[in-house]
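Numbering-wise, this note's numbering comes out as the position in the sequence shown, counting from 1, plus 253. We put the CB at the ideal spot given by N, CA and C, even for glycine. The model shown is predicted, which means the values in this text are computed figures rather than measured ones. Heads up, the thing below is written out as structure tokens.
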Amino acid sequence: MFFPNHKKSYTVYTAGAGVLKQIAKPVAVVSDEIRTIAGEMFAAMRVFNGIGLAAPQYGHSLRMVVFDVPADSNTGTSGENALLPRMPLVVINPEIVAYSTEKNTREEGCLSVPEIYAPVERPVCVVFRAQTLDGEFIEAECGGLLGRCIQHELDHLDGKLFTDRLKPEVARAVRGDLERLKKIGQSSNYRRKSKR
Ligand code: ZN
């Protein structure tokens with residue numbers, strides 16, 4: 254994988270931006286432009302220290318996600334065993350085809366929701382389908398941090414943020430911070446630039 258790191262700074266869109274509320278379009282053809290966007294998304298994820306970034310967060314309403322979930326988060330599901338050694342990984346047109354009935358609650362954060370962290374309940378395990386940039390078809394049953402990260406990133410493709418999934422009492426607790434973030438975002442067109 255080629256990682257261009259030639260930009261002076263990278264922009265990630267923050268809560269309130271229109272692109273984060275749209276249903277993203279499928280990637281029809283893996284063109285050079287798509288590869289370039291994927292490479293830039295990797296670089297942006299690195300400079301912002303993320304473990305996942307969805308194309309809408311980078312300003313493109315496309316069904317594409319990059320992941321860089323740490324290998325030491327492995328809880329032993331077959332999908333984590335298969336995919337964690339392949340990080341960083343870009344996937345196109347990902348979907349979740351099954352969810353475990355078992356759920357757990359973990360604190361989440363998001364590069365598009367800086368400095369706000371809150372517990373979110375989600376299924377522990379998902380069956381994930383996607384394609385790589387080379388057209389390889391992936392189907393993987395993923396739990397652990399990867400399973401959670403997949404659910405969080407795929408929500409971005411459907412116009413959802415983790416803050417849309419909070420329990421009412423948690424939502425109440427972060428409402429002020431979230432409103433402040435959106436207000437600050439308004440003055441910068443919801444663009445957050447990396448300092449480099
Ligand atoms: Zn996010």
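Taking 7 Å as the cut-off, one finds at least one heavy atom of the ligand ZN near enough to the beta carbon of S365. Straight-line measurement puts the Cα of R288 at about 22 Å from the Cα of D408.
Here C395 carries a strand assignment [DSSP, helix/strand/coil]. In the structure shown, the three-state DSSP call for N327 is coil.
M317 sits in a strand when the DSSP states are folded into three classes. The ligand ZN never approaches H313 closely enough for any of its heavy atoms to be under 7 Å from the residue's Cβ.
Cβ-Cβ distances below 8 Å link K356 to E374, R375, P376, V377 in the same chain, with the five nearest sequence neighbours on each side left out; the list follows chain order. Counting C-beta pairs closer than 8 Å gives three or more between the segment 344–358 and the segment 377–392, which meets the contact rule. Counting along the chain, the unbroken beta strand (DSSP E) around I345 starts and ends at 342–352. For F320, the closest of N334, V344, H313 by C-alpha to C-alpha distance is V344. Between A426 and the set K274, E286, Y370, K278, the nearest pair of CA atoms involves Y370.
Judged by beta-carbon spacing, R339 lies beyond the 8 Å limit of P279, meaning their Cβ atoms are not closer than that value. Membership of F381 in any alpha helix (DSSP H) is not indicated; the residue belongs instead to the beta strand (DSSP E) covering 379–384. Residue state for Y311 is assigned as helix, using DSSP reduced to three classes. In this chain, the beta strand (DSSP E) harbouring P372 covers 371–376.
It is roughly 14 Å from the alpha-carbon of E293 to the alpha-carbon of K446.
If you draw a 10 Å sphere on the C-beta of E392, you find fewer than 16 other C-beta atoms in it, and that means exposed. Counted as a single uninterrupted DSSP element, the beta strand (DSSP E) harbouring V265 occupies residues 264–266.
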